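For reference, the structure is listed below as structure tokens.
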Amino acid sequence: MGDYRTSFKLLCPGPVNVHPEIARALTAYEICHREEEFEALLAATRRNALAVAGADAAVYSALVVTGSGTAGNEAVLASAVAPDQTVVVLSNGEFGTRLAQISSVYNDTVHLEHAWGEPLDLHRLSEVLHERGDIGLVAVVHHETSTGVLNPVEAIGELCALHGVRLFVDMVSSYSADPVDLSSGAITFMTTSSGKAIAAYPGLALVIARRDALEALGDLPVKNHYLSLYRHHRFAEDHEQTPNTPAVPLVMALNRALELALEEGVEARRKRLAGLAAYVRAAVRERGLSLYVEDQPLSSVLTSVRLPEGVAFEPLRRALREWGFVIYGGKGPLTGQIVQISTISDLDTDVIDAFFAALDEVMPHLRVVRGGQLRG
Ligand SMILES: *Cc1c(COP(=O)(O)O)cnc(C)c1O
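With the sequence shown counted from 1, adding 73 to any position gets you this note's numbering.
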């Protein structure tokens, strides 16, 4: 077993190494969530969350749900669909598949499943929207974290708007890193979590939703009490409160992370994150390694790299841990195929250089020759 009193350079897509000011914010004050100080904190957090998303506060509202990113996704999927409506979920990786699983618990669901890493087939979506009059919601992941692919959510939004269908975008990993144009209003719901690209601690979900859509949820039957989006909306709108006890220290830390993003400038921050991702990709290519995805838009959150012939993920992970780095491998069909390098932690290119120096050290010892013998 590991010793939990250890720190690592976290090059995984959440949890992340936080900025020292975010760490300080976690324990800065001790307040009660039913007092006015928390209401001021929640109001600021909701306002800052919209500002970071570039969402018009007259059109959109931001809600804080205590729970991981999945809590935000489940809140939307449990709250937004009438009993006589069907949800269409598009998937091309782990997190799209999870949306389909969650939706199936609460709703009639059509799952337009694609192979991992494949571009989404919008003709298939268009056909379903044409053929069926009962589609109440389309759900899709923006940055499919399991592959690194960015899905074309703006084009999907245009399709949905054409058919008068609401769109829910899981931006759990892309929020604040990869921009989405919200000006058309075609995206009705989006979600993120505190512990990914916004780079605070895990444990909170943000749901950003059109105000008109939130108001309309009051007419729908409740499918999940704790995660009722309408209840969160009413408490937030009427009292700057949450329905149940929120993780107050996490809200303080998240709000500081949002403030830091606004102080840096959302655009400048995106450029910085894109620069770090480009830096990683250049270092990958320099070593003759190849990216898992070459022909689709990639996120600024992480880079999926094909494991070279003869290198298994588990020994690589173990070796890099010895050097102080935590990375993720592939999930599902990509198990043993890829390694992911994420750069959303509070880091600079020195850390990336140190990571690749470590990689250069460990790689030659990991190649397995035929027959399973270790070389070197
Ligand atoms: C991480 C992630 C989730 C799930 O978030 P949890 O915080 O683990 O519940 C959902 N969708 C995407 C795209 C993610 O990257």
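A virtual CB, placed ideally from N, CA and C, is assigned to each residue, including glycine.
This structure is a prediction, so every number in the text was calculated from the model and none was measured.
Shortest gap from the CB of lysine 404 to any heavy atom of ligand 1: 7 Å or more. Cβ neighbours of alanine 326 within its own chain (closer than 8 Å, five residues either side excluded): Val91, Ile95, Ala96, Ala98, Leu99, Ser267, Ala273, Tyr274. Inside the segment 273 to 332, DSSP marks whole alpha helix (DSSP H) runs of 4 or more residues at positions 284 to 289, 302 to 312, from first to last along the chain.
By a beta-carbon distance limit of 8 Å, cysteine 233 does not contact valine 201. Their separation comes to about 11 Å. In this structure, ligand 1 has no non-hydrogen atom nearer than 7 Å to the beta-carbon of valine 211.
With a cut-off of 8 Å on Cβ pairs, the segment 320 to 339 is in contact with the segment 98 to 112, counting three or more such pairs. For aspartate 243, the shortest separation between its Cβ and any heavy atom of ligand 1 lies below 7 Å. DSSP places glutamate 186 in the strand class (E or B) of the three-state scheme. DSSP places aspartate 207 outside any beta strand (DSSP E), giving it a letter other than H or E.
Valine 253 is bridged by DSSP to nothing; it lacks a bridge partner. Beta-bridge partners assigned by DSSP to leucine 136: Val280.
The shortest CA-to-CA distance from glutamine 158 to any of Pro294, Asp194, Leu193 is the one to Pro294. Between the alpha carbons of glutamate 367 and glutamate 336 lies a gap of roughly 34 Å. In this structure, glycine 209 lies near valine 160, with their beta-carbon atoms less than 8 Å apart. Residue list for ligand 1: Pro86, Gly87, Ser141, Gly142, Thr143, Ala144, Asn146, Phe168, Arg171, Val214, His216, Glu217, Thr218, Asp243, Val245, Ser246, Ser266, Gly268, Lys269, Pro275 (CB closer than 7 Å to any heavy atom, chain order). In this structure, the straight-line span from the alpha carbon of lysine 82 to that of valine 399 is close to 6 Å. For proline 252 and histidine 184, the gap between their C-alpha atoms comes out near 26 Å.
Shown here, histidine 438 sits in a helix according to DSSP, grouped into three states. Rounded to the nearest angstrom, the gap between the Cα atoms of arginine 343 and valine 374 is 10 Å. In the DSSP assignment, threonine 118 falls within the unbroken alpha helix (DSSP H) covering 109 to 126. A contact is defined here as three or more CB-CB pairs under 8 Å, and the segment 405 to 420 fails this definition with respect to the segment 113 to 126. Nearest C-alpha to glutamate 227 among Val125, Glu288, Thr261: Thr261. Residue environment: methionine 74 is assigned as exposed (fewer than 16 neighbouring CB atoms within 10 Å of its CB, all protein chains considered).
Under the three-state reduction of DSSP output, glutamine 410 falls in the coil class, being neither helix nor strand. The three-state secondary structure of alanine 130, taken from DSSP, is coil. By the Cβ criterion, the segment 282 to 290 is in contact with the segment 126 to 143, since at least three pairs of Cβ atoms, one from each stretch, lie closer than 8 Å. Between arginine 358 and the set Ser372, Ser377, Gln369, the nearest pair of CA atoms involves Ser377. Taken through DSSP and simplified to helix, strand or coil, leucine 349 comes out as helix.
In the three-state reduction of the DSSP assignment, isoleucine 260 falls in the strand class, which pools E and B. When DSSP reads this structure, leucine 364 sits in a beta bridge with Val378.
Scanning its chain for C-beta atoms nearer than 7 Å, with the 5 sequence neighbours on each side dropped, one finds around isoleucine 175 the residues Asn146, Glu147, Leu150, in chain order. Residue Ala341 holds the alpha-carbon nearest to the alpha-carbon of alanine 250 among Gly258, Ala341, Ile425. Around the Cβ of valine 178, a 10 Å sphere holds fewer than 16 other Cβ atoms; the residue is exposed. Sequence-distant Cβ neighbours of glycine 258 in its own chain, meaning closer than 7 Å and more than five residues away, are Val132, Arg283.
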